[in-house]
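Undergrad: Below is a structure I'd like to ask you about.
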Amino acid sequence: MSMTVIDSTKTSVRKQIPVPEPGLTVDDFLARARGLRDRLREEQAETERRTRYSPELHEEFRRLGFYRMLQPAALGGYELSIQDFLRVVVEIGRGCPSTAWCLCLGSAHVVNLAGLFDADVQAEAMGADGHFIAPSRVVPSVTATPVDGGWELNGLWDYCSGVPYSTHVFNAVMIMPADGGRPHPGLALVPRDKYEVLDDWGTLIGLKGSGSNSVKVDHCVVDHGYVLDIDINAIRPDQTYGLELYGNPMYIGPIQPFFFAELLAVALGMTKAMFDEFAATMPVKKTMWPPMAVRAEDSFYRQWYGEATTLIDQAEACLLSVTASYTQLCAESAATGRPVTIAENQRLVSLAIQAGKVLTEAMDLMARVTGSSAMKDGTRTQRYWRDFTMYRSHVAQTIREATASGYAVAALAEANA
Numbered sequence: 004m005s006m007t008v009i010d011s012t013k014t015s016v017r018k019q020i021p022v023p024e025p026g027l028t029v030d031d032f033l034a035r036a037r038g039l040r041d042r043l044r045e046e047q048a049e050t051e052r053r054t055r056y057s058p059e060l061h062e063e064f065r066r067l068g069f070y071r072m073l074q075p076a077a078l079g080g081y082e083l084s085i086q087d088f089l090r091v092v093v094e095i096g097r098g099c100p101s102t103a104w105c106l107c108l109g110s111a112h113v114v115n116l117a118g119l120f121d122a123d124v125q126a127e128a129m130g131a132d133g134h135f136i137a138p139s140r141v142v143p144s145v146t147a148t149p150v151d152g153g154w155e156l157n158g159l160w161d162y163c164s165g166v167p168y169s170t171h172v173f174n175a176v177m178i179m180p181a182d183g184g185r186p187h188p189g190l191a192l193v194p195r196d197k198y199e200v201l202d203d204w205g206t207l208i209g210l211k212g213s214g215s216n217s218v219k220v221d222h223c224v225v226d227h228g229y230v231l232d233i234d235i236n237a238i239r240p241d242q243t244y245g246l247e248l249y250g251n252p253m254y255i256g257p258i259q260p261f262f263f264a265e266l267l268a269v270a271l272g273m274t275k276a277m278f279d280e281f282a283a284t285m286p287v288k289k290t291m292w293p294p295m296a297v298r299a300e301d302s303f304y305r306q307w308y309g310e311a312t313t314l315i316d317q318a319e320a321c322l323l324s325v326t327a328s329y330t331q332l333c334a335e336s337a338a339t340g341r342p343v344t345i346a347e348n349q350r351l352v353s354l355a356i357q358a359g360k361v362l363t364e365a366m367d368l369m370a371r372v373t374g375s376s377a378m379k380d381g382t383r384t385q386r387y388w389r390d391f392t393m394y395r396s397h398v399a400q401t402i403r404e405a406t407a408s409g410y411a412v413a414a415l416a417e418a419n420a
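Positions 4 to 420 (the numbering used here) are the ones given, in order, by the sequence shown.
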C-alpha cells in the first residue's frame, strides 16, 4: 500500500486572503454567540421543521466570521485554538443544539484541509474569498478508483452533518488499488458541484435540524491531489502540510480526538440549555406535597440543582482538559517529528466519552425531576431531551468500552516496546 507523503514543492502558501475583521478574539466570538442565543431559541421549532438552520442565519454566521474561526490567518481566518473554537460551539449549543451540531461539524474540518492537503488544493478549495464549509464522514462507504487525471468516486455517505450550506465534503473513501491490491480506507475532498445532497434528514427523534443529510457521488472524478492514501488513525507529521505552511502545530493534529471533542462540546451546550430550563422553574414552580414551597426553597430540589451543576462543571473540565492535552500533543509532535501514538489518541477519546457519560447523568437527573409537564410537545425541555438522545446513541458514545479497551491494549504495547 502506497501511503501519501507531502510534496515538498507544494509547501508554500499560494495565496493570501484578507481577514474580514482583523483582530477578532475568542471573547468577540463568545459575545456574538451569546448575543444570538434568544434568536436561536426562538427559531428552534422552525429549524427542526426545515431540517437545517435558515439561510438568513447562515448568512449571519458568515458575516460574523463563525465559519472562519479555525481557518489559517493566511487564508482569511481567525486561527482560534481548538479549545477556543469549542468554547464558542458550547455557547451556540446553549441556544440551539441542532444549529450547533450543523455549524460545528461543517466549520471544524478546515483544520484537516489546512493540515493534510497541499497548497494548490487548499488554494482551489478556498476560492477567492476564503469561504469554506465541509462536513466529514469517516465511514468509507464510497469507492475511489484511480482513473486518468485523478480518481473516480461512487457511492453514498449518510449522516453528513453540516452539509446543507457546504462548499465541499471531506469524507472517508475505500481506495481500490489499480494493481488489484487490497482495498483500504483513505480520505477525499469533493467540491460542491460534484455531489448531490439528498433530502433525507429530519425523521429521527432528535437533532432534526442538524442538516445531517446523505451525500451521493456518481462517477464523480476529482484530481489526484483531492484523494489521500492515508490512515486517519495514525497520521504522521511527514504526511501533513499544515506546520510547514502556517507554522501552527494545530494543523498537524490527529483527527479522532478532535472529532470526539466536537461532539462533546455540542452535548455540553445542549445540557447547559436543559439546565437553563430546569433553573427557570426553581423560583416559580411549587412542590406538590406539604409543606408546599417553590422549588428554590425545597431541600431536595436544591440538592438536585447542585448535583446537575457539578456534573456539568465536571464535563466542561473534561472538555478543557481534552483540548489542552490535544494542543500539547500537537506541539510535541511538531517539535520532535514523532507521530501522536494510538494510545495517546485513545486516551483523549476515552476521556471525551467519559465526559459524555457524565452529561448523560446530568440530563437523566434533570429529566427525572423537572416534571412531566416540561416534556410536552413543543417545549424546549422535550426538544433538548430528544436531541441528547441522539448524542447518546451516536457511535461516538456507544463504543466507549471498546475504546477504553483499545487504549489499554495500545498503552501496554507501547510501554513494553
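Note that beta-carbon positions come from the ideal geometry of N, C-alpha and C, so glycine has one too.
Predicted model only: the values in this text are computed from it and were never measured.
#1: Among the candidates D31, P167, P293, W307, whose CA atom is the shortest distance from the CA of S217?
#2: Drop a sphere of 10 angstroms on the beta-carbon of H61, count the other beta-carbons inside from all chains shown, and report buried for 16 or more, exposed for fewer.
#3: Between which residues of its own chain and A264 is the CB-CB distance below 8 Å, once the five residues before and five after are set aside?
#4: For R273 and A181, what's the separation of their Cα atoms in angstroms?
#5: What are the partner residues of T148, as DSSP defines its beta bridges?
#6: Would you list, in sequence order, the uninterrupted alpha helix (DSSP H) runs of no fewer than 4 residues that lie entirely inside the region 25-105?
#7: Measure the alpha-carbon distance for A48 versus V93 and round it to whole angstroms.
#8: From the DSSP output, in three-state form, read off S5 for me.
#9: Give every residue of the same chain whose Cβ lies closer than 8 Å to the Cβ of T243, excluding the five residues on either side of it in the sequence, and list them in chain order.
#10: Would you check if there are 3 or more beta carbon pairs closer than 8 Å linking the region 60-79 to the region 233-252?
#11: Return the chain-ordered list of same chain residues with a C-beta closer than 6 Å to the C-beta of W154, the five sequence neighbours on each side being excluded.
#12: Under DSSP, the alpha helix (DSSP H) around Q281 begins and ends at which residues?
#13: How should V80 be labelled, buried or exposed, when 16 other C-beta atoms within 10 angstroms of its C-beta is the threshold for buried?
#14: For E384, does the count of other Cβ atoms within 10 angstroms reach 16, so buried, or fall short, so exposed?
#15: Going by alpha carbons, who is nearest to D241 out of R341, A334, N115?
#16: Roughly how far, in whole angstroms, is the beta-carbon of N157 from the beta-carbon of D196, given that I think they are within contact range, below 8 Å?
#17: Per DSSP, I178 is paired with what?
#18: Using the beta-carbon count (16 or more within 10 Å), is V174 buried or exposed?
#19: Excluding the 5 residues flanking L397 on each side, which residues of the same chain have their C-beta closer than 8 Å to its C-beta?
#20: Just list the residues that DSSP pairs K289 with in beta bridges.
#21: Please state whether the Cβ-Cβ distance between T313 and T373 is less than 8 Å.
#22: If the criterion is Cβ atoms closer than 8 Å, does the pair C99 and R53 meet it?
#23: For E24, does the count of other Cβ atoms within 10 angstroms reach 16, so buried, or fall short, so exposed?
#24: Let me check understanding here. Comparing Cα to Cα, which of Y308, C105, I233, A137 lies closest to H171?
#25: If D390 and L210 are in contact, beta carbons under 8 Å, what's the gap, nearest whole angstrom?
#26: Report the rounded CA-to-CA distance for I95 versus L39, giving the unit in angstroms.
#27: Which residues in the same chain as T401 place their Cβ atom closer than 6 Å to its Cβ, once the five residues preceding and following it in sequence are excluded?
#28: Rank L190, K219, P188, P194 by C-alpha distance to the C-alpha of D202 and give the top, closest one.
#29: With 16 as the cutoff for other CB atoms within 10 Å, does V287 come out buried or exposed?
#30: D226 by DSSP, collapsed to three states: which one?
#31: Where does T206 land, buried or exposed, given buried means 16+ other C-beta within 10 angstroms?
#32: Could you pull out every residue in the same chain whose Cβ sits closer than 8 Å to the Cβ of T392, ignoring the five residues on either side in sequence?
#33: If we cut at 8 Å on Cβ distances, does P25 have a partner in chain D?
#34: Given this structure, state the Cα-to-Cα distance separating F261 from H227, to the nearest angstrom.
#35: How about A128 and L27: are their beta carbons less than 8 Å apart?
TA: To lay it out plainly:
#1: P167
#2: buried
#3: I85, L89, L322, V325, T326, Y329, L351, A355
#4: Sequence check: residue 273 is Met here, not Arg. Roughly 46 Å between the two C-alpha positions.
#5: DSSP, once it has assigned bridges, lists E155 as partnering T148.
#6: 29-38, 40-45, 47-53, 58-67, 85-98
#7: Each residue's alpha carbon lies about 20 Å from the other.
#8: Its pLDDT being 49, under 50, S5 is placed unreliably by the model, and the measurement read from it follows with that caveat. Coil.
#9: I9, G118, L119, Y254, I255
#10: yes
#11: Spatial neighbours of W154 in its own chain (CB-CB distance under 6 Å, excluding positions within 5 residues in sequence) are listed in chain order as A147, V225, V230.
#12: The sequence given here has Phe at residue 281, not Gln. 258-284 is the extent of the alpha helix (DSSP H) around F281.
#13: In the sequence as presented, Val is not what sits at residue 80; that position holds Gly. Under this definition G80 is a buried residue.
#14: Correcting the residue type first, residue 384 is Thr in the shown sequence and not Glu. By the 10 Å Cβ count, T384 comes out buried.
#15: R341
#16: N157 to D196, Cβ: 17 Å. No contact.
#17: BP columns for I178 point to A147, H187.
#18: Residue identity check: residue 174 is Asn in the sequence provided, not Val. N174 is buried by the Cβ-count criterion.
#19: Residue identity differs from the one stated: residue 397 is His in this sequence, not Leu. So the qualifying residues of the chain are L266.
#20: V297
#21: no
#22: No, they are not a contact pair.
#23: exposed
#24: A137
#25: 5 Å
#26: 8 Å
#27: none
#28: K219
#29: exposed
#30: strand
#31: exposed
#32: Only I208, G209 meet the Cβ criterion.
#33: No chain D appears in this structure, which consists of one protein chain only.
#34: 27 Å
#35: no
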